[in-house]
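Chain order of the listed sequences is A and B.
For this note's numbering, count along the first sequence from 1 and bump the result up by 3.
For this note's numbering, count along the second sequence from 1 and bump the result up by 2.
A short write-up of the structure that comes next.
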Amino acid sequence: MTSDDTILEIESASISFGGVRALIDIGFSLAPGSITGLIGPNGAGKTTLFNLITGILPPDSGQILFMGQPITGKPVHELVRMGIARTFQNVELFSSMSVLENVQVGMHTRTSCGIFGSVLRTPGIVREETRSQEKAAELLEFVGLGEHAERKSADLPFGWQRLLELARAMASEPKLLLLDEPAAGLNTNETDMLGELIENIRNRGVTVLLVEHDMALTMKLCDRIVVLDRGNLIADGPPRSVQDDEAVMAAYLGKPGNDNKNKASQST
Amino acid sequence: MKKPDKHTIACILFAAGATAVGLMLDDPYYLQVLIFIGINTLLALSLNLLMGYAGQISLGHAAFYGIGAYTTAVLSATYGISPWLALPAAIFMAMAVAYIVGKPTLRLSGYYLGMGTLGFGMIVSIVFREWHSVTGGASGFVGIPPLEIAGFALDTDRSYFFLVWAVVLFFFLISRRIIDSRVGRALRAIHDGEHAAAAMGVDTARMKLSIFVLSAAMASLAGFLYAHQIYFISPETFGFMASIRIVTMVVIGGMASIWGSLLGASLLTILPEWLHAFADYEMMVYGLVLMLVMIFLPQGLTRGIIDLYNSSRKKHDQ
């Protein structure tokens, strides 16, 4: 059922919002264990594509296969169970809860205690809870927040909140991890640490797809880069080749390329 | 779980205190007031699980309270069935109704549940009033029998005091267990951010429905206890104003606070008793208290008092 060379396959996915074509016939696939960067100017459709993959929006046409299975139309929580996790562009932690509890919520699909279980507290439930706490603590260690487990998540400095989000996403034992601008708002130091962390996550066998505006980080980290511009996939390849691609330069810098209309508007 | 559990200790102390009060207090009036505080605490706690922890507002919670009271009244008085058999029926009835009301409204996020339960509460209170042949209509339902345990009738205020507070204490314990579990974390996650909760794999619609149904069951149990305490029920006890009073108990006492439910319920049971002196101004004083709490202690009295205590201690330390 699962093919060895792709974990995620997007097949000519399109979606429009009230006449605006947000994504046009997008097709690419991800190799297991790879780190792929998704870049493009603002409004290129990166977030929309994330929303398609995580099940928040269904594509108008085309389909998405995760480990060989079509996932279009499946509810978000089902996709998490299958192994797709994400972080958010504007860190969305559970602010009233402790750092440890945030990570434990990430384990929701990997634990099973229900209302009756929680009331009865059978030995099995107690074991599950202990295991979940241990695993959460381990993941906090992994991202370097081991000492802050008991703090309220809202009290962490911003950079640490990003790390906590990563730990929380990892708690669902994902096979595919989508990171939406993980370095936004981080200083150089923190960005370097984040790069190492993402590398470590990949070394744990997780496939990573990230949207990122920090080009230095993207170029260093990614095996491959997919470029979107106004809903079109305009380039796809290793960082080096994408960097030199004319269409990409045009999209980013507004240089002529073969876009004459753009040229005309610039000259006026 | 490993540390000595603060909540359990508090519950034990509370149980000891309640027992002492129950044994020593002789005045039937005060015992009655304490019984009503207990019933209201159960109601407030049921709504607090839904509203304070999961962030879902019910503006028709008194309907479930009424369903519990009327179901046991009809079964035990009209049909002569033992109240202990009527109890599961009353609870099941409330759960079934909650499921039917909650299933469509809880799929949506935002205030749909508030709107839905508002309408639902009104419909239920109209049914209580207009279905004369079964509910006795606006004049109320008389002749509800007292509860009996092993041939011993719980018809004294003292015995009922112990029954009610034992039930409340039981729900203090299980509420804490639920809140600290995987389920409780998922509920709090929904409150903090529904999209993020879904993105962590929480089936938000199902989770909200479960807690809504549990909450309805608890409110129904409170209605059962109420009916067998005063032997007479009438529709206005379970109308819109009653629902708003339960919401106020939760807000004043403190959202997402188990002990806040006790505080809110106590205040809203005792205040009207005191405010009789103000007669016509009762509602004004009541409104003023609510406004002051919202302005100065928006997180409710419990949290407000704890924060005041902590900040004064900090100042003292410096």
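From the three backbone atoms N, C-alpha and C, an ideal C-beta is built for every residue, glycine too.
In this text the structure is predicted, and so the values were computed from the model without any measurement.
List, in order along the chain, the chain B residues whose C-beta lies closer than 8 Å to that of residue i?
| i | result |
| --- | --- |
| I67(A) | Neighbours of I67(A) on chain B: none; closest Cβ ~17 Å, over 8 Å. |
| T210(A) | Residues of chain B passing the Cβ test: none, with the nearest at roughly 17 Å. |
| F91(A) | A198, A201 |
| R171(A) | M202 |
For residue i, is the classification buried or exposed, using 16 other Cβ atoms within 10 angstroms of its Cβ as the cut-off for buried?
| i | result |
| --- | --- |
| F38(B) | buried |
| K316(B) | exposed |
| V144(B) | exposed |
| D282(B) | exposed |
| R109(B) | exposed |
| Y228(B) | buried |
| E215(A) | buried |
| A219(A) | exposed |
| A279(B) | exposed |
| K223(A) | exposed |
| A46(B) | buried |
| H63(B) | buried |
| N203(A) | exposed |
| K8(B) | exposed |
| N192(A) | exposed |
| M243(B) | exposed |
| M296(B) | exposed |
| N206(A) | exposed |
When you compare the CB positions of residue i and residue j, do they come within less than 8 Å of one another, or not?
| i | j | result |
| --- | --- | --- |
| H151(A) | G203(B) | no |
| V252(B) | S236(B) | no |
| A201(B) | T50(A) | no |
| L212(A) | L33(A) | yes |
| I146(B) | Y233(B) | yes |
| L200(A) | L169(A) | yes |
| Q164(A) | V106(A) | no |
| G24(B) | R160(B) | yes |
| F298(B) | L52(B) | no |
| L223(B) | L44(B) | yes |
| P62(A) | L55(A) | yes |
| R178(B) | I260(B) | yes |
| E12(A) | Q92(A) | no |
| F31(A) | D239(A) | yes |
| A219(B) | I93(B) | yes |
| G104(B) | L211(B) | yes |
Express the C-alpha separation of residue j and residue i in angstroms, rounding to a whole number.
| i | j | result |
| --- | --- | --- |
| L96(A) | S156(A) | 7 Å |
| A221(B) | F66(B) | 6 Å |
| E238(B) | G255(B) | 24 Å |
| L179(A) | H230(B) | 57 Å |
| I87(A) | P177(A) | 5 Å |
| I228(A) | A188(B) | 36 Å |
| P274(B) | Y113(B) | 30 Å |
| E171(A) | G109(A) | Correcting the residue identity first, residue 171(A) is Arg in this sequence and not Glu. Looking at the two C-alpha atoms, the distance is approximately 5 Å. |
| G306(B) | P300(B) | 8 Å |
| T90(A) | M173(A) | 10 Å |
| A47(A) | A250(A) | 14 Å |
| P126(A) | L292(B) | 44 Å |
| T10(B) | G21(A) | 56 Å |
| L77(B) | G70(B) | 11 Å |
| I118(A) | V185(B) | 6 Å |
| G82(B) | A88(B) | 10 Å |
| D182(B) | R233(A) | 46 Å |
| A170(B) | V35(B) | The identity of residue 170(B) in the sequence shown is Val, whereas the question assumes Ala. Each residue's alpha carbon lies about 15 Å from the other. |
| A139(A) | S313(B) | 32 Å |
| R113(A) | S135(B) | 52 Å |
| G71(A) | I10(A) | 7 Å |
| Q269(A) | A253(A) | Summary for Q269(A): the model assigns pLDDT 40, below 50, so the residue's position carries little reliability, and this model does not support an answer. |
Quick one: list the residues of chain B neighbouring residue i, beta-carbon separation under 9 Å, in chain order.
| i | result |
| --- | --- |
| E95(A) | D194, G195, H197, A198, A201 |
| T57(A) | A201 |
So which residues of chain A does residue i contact, with C-beta pairs closer than 9 Å?
| i | result |
| --- | --- |
| L138(B) | The residue you asked about is not Leu; residue 138(B) is Gly in the sequence shown. Residues of chain A passing the Cβ test: none, with the nearest at roughly 35 Å. |
| I180(B) | I118, S121, V122 |
| V185(B) | C116, G117, I118, G120, S121 |
Please list, in chain order, the chain A residues whose beta carbon lies closer than 8 Å to that of residue i.
| i | result |
| --- | --- |
| Y260(B) | In the sequence as displayed, the identity of residue 260(B) is Ile instead of Tyr. Neighbours of I260(B) on chain A: none; closest Cβ ~14 Å, over 8 Å. |
| S236(B) | By Cβ distance, chain A contributes nothing, its closest Cβ being about 33 Å from S236(B), past 8 Å. |
| I176(B) | V122 |
Mind listing the chain A neighbours of residue i? Cutoff is C-beta to C-beta under 7 Å, in chain order.
| i | result |
| --- | --- |
| D205(B) | H80 |
| L216(B) | I118 |
Interface positions of the segment 99-125 of chain A facing chain B (Cβ-Cβ less than 9 Å), listed along the chain: Residues S99, M100, E104, N105, Q107, V108, G109, M110, H111, T112, R113, T114, S115, C116, G117, I118, G120, S121, V122, L123, R124.
message: Counting only Cβ-Cβ distances shorter than 7 Å, please list the residues of the segment 61-89 of chain A near chain B, keeping chain order.
response: Cβ contacts with chain B come from V79, H80, V83, R84, R89.
- request: Return the residues of the segment 301-320 of chain B that lie within a Cβ-Cβ distance of less than 9 Å from chain A, sorted by chain order.
  value: Listed in sequence order: no entries.
task: Please name the residues in the segment 174-187 of chain A whose beta-carbon is closer than 9 Å to at least one beta-carbon of chain B, in chain order.
output: The segment 174-187 of chain A vs chain B, Cβ under 9 Å: A174, S175.
- prompt: Closer than 9 Å, Cβ to any Cβ of chain A: which residues of the segment 105-132 of chain B, in chain order?
  reply: Hits within the stretch: zero.
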